[in-house]
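Participant: First the structure, then my questions, so here it is.
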């Protein structure tokens, strides 16, 4: 068993400490017990004194009442002898009652005759009925005084004394005095709270005052000093101690940071369970605290004595034992020739003086030994210092080389000519997934050829063999290639060099070029592909197109180029955001990629434009493929920001070499074909084969020029709105205004709507114009309202706009939280717009009307007029085309047609508006027909500023067709040429 070292100093200290601890501990315990017994005896003495005090007080009250009874009889005997004893006794009691009640605190006096009936009662009125009859009987029988304690809602001392009321008749005098004053006096003299406990059956007031009940003791408290706090303490402590445990003894219980002493003293010889008893509650916290403080002082004194004794003992042993400890520490180090502890030698000075002991001799011998060994150490240090310097230099060189090899981002290893790896750095072990030892070796033997798994192992083996056979250390062998390690592919470059020596070791360095290779491959891919859709880009497309054209010419085989873009893509991109536009492009690219052959060249040429090259295809195949592309796109439904978008494309097609032999020529021709397809687009995907006709080509070129002008006007904000008033014929006031679009050229001249609106409708730009007109008209309307002009504005919109989810979304966002716009905007639909899809158009109109908008059919009677549409569409107004109003005075057919339209429209609950009212005669005729509103140059020309009612004063009296009114210039801007936005 291994021995445990413990200093002699601590052995002595521990032994003496145990003896002191036991001795002082016993003295402290005996002292504590003595203090506690003294405290208990003192409290017991106090309790007995208080019992005697209570009994003495009760006896004093009894004697006092007996003395009063005798004194009253004596006074009665001194009165007129002619009066009866009963009458004299009654007069005496009456005459002395005030003194008895106020000075002697007698609460009641009762006089009973021989028939045991009270013939006199003073004081408490209920006392006669409350006192037990057996007490009265006992006095009559014994003819001696009786004293009792009587309790109900309070407690009284009752004294019954026999008295002579007639010559041969005896009576009884009863005196009653409350014990409450005695209780209060006792509390004042003892500083303790006092109460009287009685059985619950004796308390008439318990039901009236439940707080007097002590449920756990089955007692009622009829008198208690200390107020609510004493009652609360009594209720709480009654749960912790039984009543019987308090009779004539005391208990100390904690309550709210206090220590309360409870004791019960019986008021009679009977059991407390049957009679009343006095409860004493006293706060003994101060006494207990004083006791505890005394005990703490005793313990502290004992602790101080113990510590002082320990300090004295240690101070006596510390110095000699410290010297012995130093010697014991140094000697083993010297024996082990450990010079690291020789710094302790200066701490062992030789002892000089008269008083010496064995420790001093041992210390001096140790110093002499240490000095001899120190001389020998100095000689050894001189010889080994040079070796250490050289060793450190070699170690630094080795550490540098090892650190360099292990931290370089390359595989470095040594191998023999059979490929067995001898040393390998950290990078190589990480790639191979094998642990490395501290000396750059693997735990298991690895082979270079099998571990790195080259695909061209024969070439590598031959190269390394040739290197070993050359025996020229300046030669090297390099190769690179792919390899797979732990499921991951790497592209590595290797260099092998022959190391000098007889073992023919080869130094191999491998550099990972995977990142550079991947970057080169990615750059090569990005050079030919679109990063968003993953399709080929324009650069690769044109290169492939040139190769395909060469093969087509060489093989005399025809092919086709499909060029298309997404209709209304810019609106979707602007309203829903660029991420939504990117999603749409990817959806179209993914769906179309699944519908074409793998050998076909499909590319994104930029923006929303796509190109498809198909080799060796005839005319029938072109038509089938074009329709297939349209069908695929027609089935795409993209959900953007909660709105479902139906997509359509416009496809232009050219055949090669029939429509051109060069790439640029074919691309230009297919662009014209695509714009022709877009012009014929009716909201669904459409395709158009290129036509070489010069007239059609010139028309397409003109269309493209106008498209560029419209696009430029949108981008540069060269668009403005003019407002033309619409006249309320019945009320002779301006009803509302129609917003008409005007475009400005580079010089600021106005371009007629008839020049650019049809082009916008053909090319799909009408949607963007619609959005611009709606937004600008709403901004103008808000401006007019801020100037105090409460007006209504009619805005033209096209069929495509009304059916567009983007338009409805944009309209909702513009008017959101703008209550002033509700009911102020009228959307005018051309008849062409209405007939595209009657059911869908009616649903959209109803949805917008619920948002507070009104609707009108524009140019009714021209184009695709149908009374069915007039009946089915829930519009509010019908605008009769101006071509019928223009010759209303001279054409009976126009008159009848206008009359028929007006009657049917008003019969369906719709208001009618006549366009092209250019003179007073026309205004008089349409008033005669009952038309509601008029619009035309005679009413007012379109202008940037609003015409007021005062500006149309020339209309006064024009309802008389015979008036000589000067004809006004014919209206040049009829509704066909008004912007449909």
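In the working numbering, the protein residues as written are 12 to 992.
Think of the CB as a built atom: it goes at the ideal place given N, C-alpha and C, for glycine as much as any other residue.
1) Return the Cβ separation of residue 994 and residue 117 in integer angstroms, given the expectation that the two are a contact with Cβ distance under 8 Å.
2) Which of helix, strand or coil does DSSP assign to residue 970?
3) Can you tell me where the beta strand (DSSP E) with residue 608 in it begins and where it stops?
4) Given a cut-off of 8 Å on the beta-carbon distance, is the pair residue 899 and residue 888 in contact?
5) Go ahead and pull the three-state DSSP assignment for residue 247.
6) Assuming contact is defined by CB atoms lying nearer than 8 Å, are residue 927 and residue 965 in contact in what I supplied?
7) Where residue 698 and residue 640 are concerned, what is the direct C-alpha to C-alpha distance, given to the nearest angstrom?
8) Ordered along the chain, which non-local residues of its own chain (more than five positions away) have a Cβ less than 8 Å from that of residue 668?
9) If I'm right that residue 929 touches residue 733 with Cβ under 8 Å, what's the distance once you round it to whole angstroms?
10) Helix or strand or just coil, what does DSSP make of residue 511?
11) Need the endpoints of the beta strand (DSSP E) that residue 948 sits in, please.
12) Spell out a yes or no on whether the region 48–63 and the region 255–262 are touching, meaning 3 or more CB-CB pairs, one atom from each, closer than 8 Å.
13) So, are the CB atoms of residue 76 and residue 150 less than 8 Å apart?
14) Extract the residue ranges of the alpha helix (DSSP H) inside the region 302–340, only unbroken runs of 4 or more that lie entirely within it.
15) Taking residue 270 as the reference, give the member of 650, 591, 960, 203 with the closest Cα.
16) Please report the residue range of the beta strand (DSSP E) in which residue 744 lies.
17) Under a three-way DSSP split, which group does residue 170 fall into?
18) Residue range of the alpha helix (DSSP H) that residue 630 falls in?
19) How would you write the range of the alpha helix (DSSP H) that residue 684 sits in, first residue to last?
20) Look up residue 23 in the DSSP assignment and say whether it is helix, strand or coil.
21) Kindly identify the DSSP beta-bridge partner or partners of residue 446.
22) Compare the C-alpha of residue 925 against each of 884, 903, 869, 879 and name the closest.
23) Between the beta-carbon of residue 289 and the beta-carbon of residue 65, is there less than 8 Å?
24) Just list the residues that DSSP pairs residue 162 with in beta bridges.
25) What are the boundary residues of the alpha helix (DSSP H) that residue 564 is part of?
26) Give the range of the alpha helix (DSSP H) segment to which residue 963 is assigned.
27) For residue 740, name the three-state secondary structure that DSSP assigns.
28) Could you tell me if residue 22 is buried or exposed, where buried requires 16 or more neighbouring beta carbons within 10 angstroms of its beta carbon?
29) Could you compute how far the alpha carbon of residue 38 sits from the alpha carbon of residue 232?
30) Can you grab the Cα-Cα spacing for the pair residue 946 / residue 879, in whole Å?
31) Residue 202 by DSSP, collapsed to three states: which one?
32) Here's the rule: buried if 16 or more other CB atoms are within 10 angstroms of the residue's CB, otherwise exposed. What is residue 505?
33) Specify the secondary structure class of residue 506 as computed by DSSP and reduced to three states.
34) Would residue 767 and residue 808 be called neighbours here (beta carbons separated by less than 8 Å)?
35) Any idea if residue 405 is buried or exposed, counting beta-carbon neighbours within 10 angstroms, 16 or more meaning buried?
36) Please classify residue 41: is it buried, with 16 or more other beta-carbons within 10 angstroms of its beta-carbon, or exposed?
Facilitator: In terms of the structure at hand:
1) Past the edges of the chain, shown from 12 to 992, lies residue 994, and the structure says nothing about it.
2) As a working note, residue 970 is residue 959 in the chain shown. Any reading at residue 970 is ruled out, since the residue's pLDDT is 41, under 50, leaving its predicted position unreliable.
3) Your numbering for residue 608 matches position 597 in the chain shown. Element bounds for residue 608: n/a, residue is neither H nor E.
4) Position 888 of the chain shown, counted from the start, is the residue given in the question as residue 899. Position 877 of the chain shown, counted from the start, is the residue given in the question as residue 888. No; because the gap between Cβ atoms is not below 8 Å, this pair is not in contact.
5) Within the chain shown, numbered from 1, the residue matching residue 247 stands at position 236. In this structure, residue 247 counts as helix in the three-state DSSP scheme.
6) The residue labelled residue 927 in the question sits at position 916 within the chain shown. The residue labelled residue 965 in the question sits at position 954 within the chain shown. Taking 8 Å as the Cβ cut-off, residue 927 and residue 965 do not qualify as a contacting pair.
7) By one-based count along the chain shown, residue 698 stands at place 687. By one-based count along the chain shown, residue 640 stands at place 629. About 9 Å.
8) Position 657 of the chain shown, counted from the start, is the residue given in the question as residue 668. Excluding sequence neighbours, residue 668 sits near 560, 563, 564, 569.
9) As a position in the chain shown, residue 929 is number 918, starting the count at 1. As a position in the chain shown, residue 733 is number 722, starting the count at 1. So it is not a contact: roughly 17 Å between Cβ atoms.
10) Looking up residue 511 in the chain shown gives position 500. Reduced to three states, the DSSP call for residue 511 is coil.
11) Residue 948 sits at position 937 when you count from the first residue of the chain shown. Segment: none, residue 948 is in no beta strand (DSSP E) and carries neither H nor E.
12) yes
13) Counting from one through the chain shown, the residue named residue 76 turns up at place 65. Counting from one through the chain shown, the residue named residue 150 turns up at place 139. Result no, Cβ atoms of residue 76 and residue 150 do not sit closer than 8 Å.
14) none
15) If you number the chain shown from 1, residue 270 lands on position 259. Taking only the C-alpha atoms, the option nearest residue 270 is 203.
16) Counting from 1 along the chain shown, the entry for residue 744 is found at position 733. It spans 744–755 - the beta strand (DSSP E) in which residue 744 sits, taken as one unbroken run.
17) Your numbering for residue 170 matches position 159 in the chain shown. In this structure, residue 170 counts as strand in the three-state DSSP scheme.
18) Translated into the one-based positions of the chain shown, residue 630 becomes position 619. Note, residue 630: alpha helix (DSSP H), 630–645.
19) In the chain shown, the residue the question calls residue 684 occupies position 673. Taken as a continuous stretch (DSSP letters only), the alpha helix (DSSP H) holding residue 684 covers 674–690.
20) By one-based count along the chain shown, residue 23 stands at place 12. Residue state, collapsed to three classes: helix.
21) The sequence position of residue 446 within the chain shown is 435, counting from 1. Per DSSP, none; premise fails for residue 446.
22) Within the chain shown, numbered from 1, the residue matching residue 925 stands at position 914. The candidate whose alpha carbon is nearest that of residue 925 is 869.
23) Numbered from its first residue, the chain shown carries residue 289 at position 278. Numbered from its first residue, the chain shown carries residue 65 at position 54. For residue 289 and residue 65, yes; Cβs fall inside 8 Å.
24) Within the chain shown, the letter at position 151 stands for residue 162. Note: residue 162 sits in a beta bridge opposite 166.
25) To locate residue 564, count along the chain shown from 1; it is residue 553. Per DSSP, residue 564 belongs to the alpha helix (DSSP H) from 549–566.
26) Within the chain shown, numbered from 1, the residue matching residue 963 stands at position 952. According to the DSSP assignment, residue 963 belongs to no alpha helix (DSSP H), since it is labelled neither H nor E.
27) Your numbering for residue 740 matches position 729 in the chain shown. Residue 740: coil per DSSP, three-state reduction.
28) Locating residue 22 in the chain shown gives position 11, where the first residue counts as 1. Looking at its Cβ environment, which holds fewer than 16 other Cβ atoms inside 10 Å, residue 22 is exposed.
29) As a position in the chain shown, residue 38 is number 27, starting the count at 1. As a position in the chain shown, residue 232 is number 221, starting the count at 1. Each residue's CA atom was taken as its position, placing residue 38 and residue 232 some 47 Å apart.
30) On the chain shown, residue 946 is found 935 positions in, with the first residue counted as 1. On the chain shown, residue 879 is found 868 positions in, with the first residue counted as 1. Each residue's Cα considered, the two are about 25 Å apart.
31) Position 191 of the chain shown, counted from the first residue, corresponds to residue 202. Residue state, collapsed to three classes: coil.
32) What you label residue 505 is simply residue 494 of the chain shown in a count that begins at 1. Under this definition residue 505 is a buried residue.
33) Here residue 506 refers to the residue found at position 495 of the chain shown. It is a strand residue.
34) Counted from its first residue, the chain shown places residue 767 at position 756. Counted from its first residue, the chain shown places residue 808 at position 797. The answer is no: Cβ separation not under 8 Å.
35) Here the question's residue 405 lines up with position 394 in the chain shown. So residue 405 ends up on the exposed side.
36) Position 30 of the chain shown, counted from the start, is the residue given in the question as residue 41. Its Cβ having fewer than 16 others within 10 Å, residue 41 is exposed.
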